[in-house]
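One structure is given here, and the rest of the page talks about it.
Protein chains: 2
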Amino acid sequence: MAQPGKVILAGTVAKGLLAEVTEGLSKLNSKPKLVGFLANEDPAAKVYADFSAKTCVENGFEFDLRKVAKEDIEDAILAANVDDSVHGIIVYYPIFPRASRQDQYIQQLVGLDKDVEGLSHKYIFNMYQNIRFLDPPTNKQKSILPCTPLAVVKVLEYLQVYHTALPYGNRLFGRTITVINRSEVVGRPLAALLANDGAKVYSVDIDGVQLFTRGKGIKNHKHEVHEQEGWTVKECLPLSDVVISGVPGNSYKIDTDLIRDGATCINFSSEKNFDATTVKEHAAFYVPAIGKVTISVLLRNLLRLVQNQEENKTKAS
Amino acid sequence: MAQPGKVILAGTVAKGLLAEVTEGLSKLNSKPKLVGFLANEDPAAKVYADFSAKTCVENGFEFDLRKVAKEDIEDAILAANVDDSVHGIIVYYPIFPRASRQDQYIQQLVGLDKDVEGLSHKYIFNMYQNIRFLDPPTNKQKSILPCTPLAVVKVLEYLQVYHTALPYGNRLFGRTITVINRSEVVGRPLAALLANDGAKVYSVDIDGVQLFTRGKGIKNHKHEVHEQEGWTVKECLPLSDVVISGVPGNSYKIDTDLIRDGATCINFSSEKNFDATTVKEHAAFYVPAIGKVTISVLLRNLLRLVQNQEENKTKAS
């Protein structure tokens, strides 16, 4: 059986982003420092921390991993918030049991000006509301976008799913995209981001399907959401130019027979939601993982934060 | 068998609080308006909404219940935030499936100056950090405390567990309290509040026991937390002057044999965590429910918000 699809590796997409980061870095006066807080014994978090350290150092940033006890994480973050030598902060979750929601409290402790992951309520609010700057109407300070959703956007830009000939902010006009996963961390923000850029997005999770579209007549062209009563992923896949999946665990597999010929398929789960062989029978592009893009986006966010910090100093002086 | 314990009803405690609210209300120029947003079909939320409406109106406040579709809740809250005729906002949860955490996002949309439930990150942060005012060092605007934890504090004040002869901020000095439930919504904030007021608090949940104590030498005398390795509720109960429980569901029952003679027992679960008969064999006071205190505290918070809003106007003019 022919498998016309091409596999695109995250490293390839990351290369261009890192070049852009290096360029930005060369214009700074000092070496930005990212501080990572590790307050759990999760081996996966440790691997991710080591990987962030390596990528930081290789790309001209300083990285400082701080291991702290769970009960000291709050004070440690608050101290880093007011430490001028720290430019960005990343916290490795989970720290506390998920059901307690204490991690969500911790997330909001990171100072807005050092939140490299873009998880502060203000950033998430701006993203949902399609507000792209922190300082309207001056618009010199870009609002930070959460890393994983932004990494998917960067993959789509690389694959020219974004029409660069269209005006900025509507470059997904005419595209239909299915996003499988509607978590508050990745799936829902991603669906909103893509809809804000003009796509018609089917957001799928176990509770059903929602359609995210670019709103009309609203100040910021914020997306609109409608329930698709009775729909499942089966109705969405044949209609979609792009299928993006991030279902945790290894029991979920997408029925690749339903994927349109020529589609772009992106997996952001740590497991393989697409069968690597059959997906290529239909997909033109298959991106099996996006981790390296995510970390490049993290460095890009760090650079933005430093630029925002310098802009703030200029304003203050 | 003798049952020396006395049952204290929430309505009795609420009476004094409502008198205090009426007194404050009489000094205002206008009638404060609370807006409630109902965006679910949950009958329990409807009952609570109707009950808030009734208590508001009976106590001289205006109440406006707004039923909105789930997809309109964000815009509806943002509109109320900038509407000068709205003094306080309460949202009835759950709206979205719990696992999605979207409700936590919605919670943070309510304007700080109208957040009658005290759920904004800033208020929660101040509570954990034991920062009692919004405008230090002027200290004219009180930070809002979340309703249920504050209601428990008010019950303890009523029962004179707080030593009024001690200086404000350390009136639980010498008290040992067990709090069963460490949710981010009630249990953990409650443990922190009580520790900030000087108590030694055993915070119990299925993951184990933590000891919250008043920190020493820290600027705000913020509480400290330590794991009690190997402890369960069985070790905590015999040591406790006060036992406060809020375990959801009706399968959890406290072993009342372990409760100290003369203890104060408070239930804030919608189910009965204490057996109503046996608890009185040991407890001096048993408070089976606190709902009416919670709603009085809600009105008290609303009054505070209006006072803060007037203070802000004075500053601005």
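Going down the list, the protein sequences come from chains P and D. Under my numbering, think of the first position of the first sequence as 1132, with each following residue one higher. Under my numbering, think of the first position of the second sequence as 1132, with each following residue one higher. We treat Cβ as the ideally placed atom computed from N, Cα and C, and that holds for glycine. All figures in this text were calculated on a predicted structure; none of them were measured in a lab.
From the DSSP output, in three-state form, read off residue i for me.
i, result
"residue 1386 of chain D", "coil"
"residue 1197 of chain D", "strand"
"residue 1377 of chain P", "coil"
"residue 1142 of chain D", "helix"
"residue 1171 of chain D", "coil"
"residue 1162 of chain D", "coil"
"residue 1220 of chain D", "strand"
"residue 1134 of chain D", "coil"
"residue 1151 of chain D", "helix"
Is the beta carbon of residue i sitting closer than 9 Å to the one on residue j?
i, j, result
"residue 1329 of chain D", "residue 1368 of chain D", "no"
"residue 1399 of chain D", "residue 1137 of chain D", "no"
"residue 1168 of chain P", "residue 1204 of chain P", "yes"
"residue 1094 of chain P", "residue 1247 of chain P", "The structure shown does not extend to residue 1094 of chain P, since chain P is modelled only from 1132 to 1448, so the question has no answer here."
"residue 1304 of chain P", "residue 1326 of chain P", "no"
"residue 1405 of chain P", "residue 1448 of chain P", "no"
"residue 1207 of chain P", "residue 1196 of chain P", "no"
"residue 1357 of chain D", "residue 1172 of chain P", "no"
"residue 1235 of chain D", "residue 1235 of chain P", "yes"
"residue 1395 of chain P", "residue 1250 of chain P", "no"
"residue 1159 of chain D", "residue 1441 of chain D", "yes"
"residue 1339 of chain D", "residue 1315 of chain D", "no"
"residue 1180 of chain P", "residue 1223 of chain P", "yes"
What does a CB cutoff of less than 7 Å around residue i pick up in its chain, not counting 5 residues either side in sequence?
i, result
"residue 1346 of chain D", "1352, 1353, 1354 and 1355"
"residue 1280 of chain P", "1317, 1320, 1321 and 1324"
"residue 1190 of chain D", "1149, 1152, 1153 and 1430"
"residue 1145 of chain P", "1423, 1424 and 1427"
"residue 1389 of chain D", "1365, 1368 and 1369"
"residue 1444 of chain D", "none"
"residue 1270 of chain D", "1264"
"residue 1198 of chain D", "1169"
With a cut-off of 8 Å on the beta carbons, I'd call residue i and residue j a contact; round off their distance for me.
i, j, result
"residue 1336 of chain P", "residue 1312 of chain P", "6 Å"
"residue 1170 of chain D", "residue 1200 of chain D", "7 Å"
"residue 1134 of chain D", "residue 1411 of chain D", "4 Å"
"residue 1278 of chain P", "residue 1428 of chain P", "5 Å"
"residue 1332 of chain D", "residue 1310 of chain D", "6 Å"
"residue 1182 of chain P", "residue 1162 of chain P", "Contact doesn't hold; Cβ gap of about 20 Å is too wide."
"residue 1239 of chain D", "residue 1252 of chain D", "6 Å"
"residue 1421 of chain P", "residue 1283 of chain P", "7 Å"
CB-CB under 8 Å to residue i, same chain, minus the five flanking residues each way: which ones, in chain order?
i, result
"residue 1408 of chain D", "1134"
"residue 1402 of chain D", "1378, 1379, 1380, 1381 and 1383"
"residue 1188 of chain D", "1194"
"residue 1391 of chain D", "1368, 1369, 1370, 1371, 1372 and 1413"
"residue 1254 of chain D", "1243, 1246, 1274, 1275, 1276 and 1277"
"residue 1209 of chain D", "1240"
"residue 1147 of chain P", "1289"
Beta-carbon within less than 6 Å of residue i's beta-carbon, same chain only, minus the 5 sequence neighbours each way: which residues are those?
i, result
"residue 1370 of chain D", "1307"
"residue 1219 of chain D", "1165, 1245, 1247, 1433 and 1436"
"residue 1265 of chain D", "1272 and 1274"
"residue 1117 of chain P", "In the structure displayed, chain P extends from 1132 to 1448; residue 1117 of chain P sits before or after that span and is not available."
"residue 1334 of chain D", "1310, 1313, 1322, 1341 and 1343"
"residue 1294 of chain P", "1302"
"residue 1186 of chain D", "1426"
May I ask whether a heavy atom of the ligand ATP can be found less than 8 Å away from the beta carbon of residue i?
i, result
"residue 1258 of chain D", "Ligands in the displayed structure: none, and consequently the ligand ATP is not present."
Minimum length 3: unbroken beta strand (DSSP E) runs contained in the region 1311-1375 of chain P: Listed in chain order, the complete beta strand (DSSP E) runs (minimum 3 residues) inside the region 1311-1375 of chain P are 1331-1336, 1339-1345 and 1354-1358.
Considering only residues of the region 1397-1448 of chain P, which uninterrupted alpha helix (DSSP H) runs meet the minimum length of 4 residues and lie entirely inside it, listed in chain order? As far as the region 1397-1448 of chain P is concerned, its whole alpha helix (DSSP H) runs of at least 4 residues are 1422-1447.
Would you list, in sequence order, the uninterrupted alpha helix (DSSP H) runs of no fewer than 4 residues that lie entirely inside the region 1242-1321 of chain D? Counting only runs of 4 or more, we get 1252-1260 and 1278-1289.
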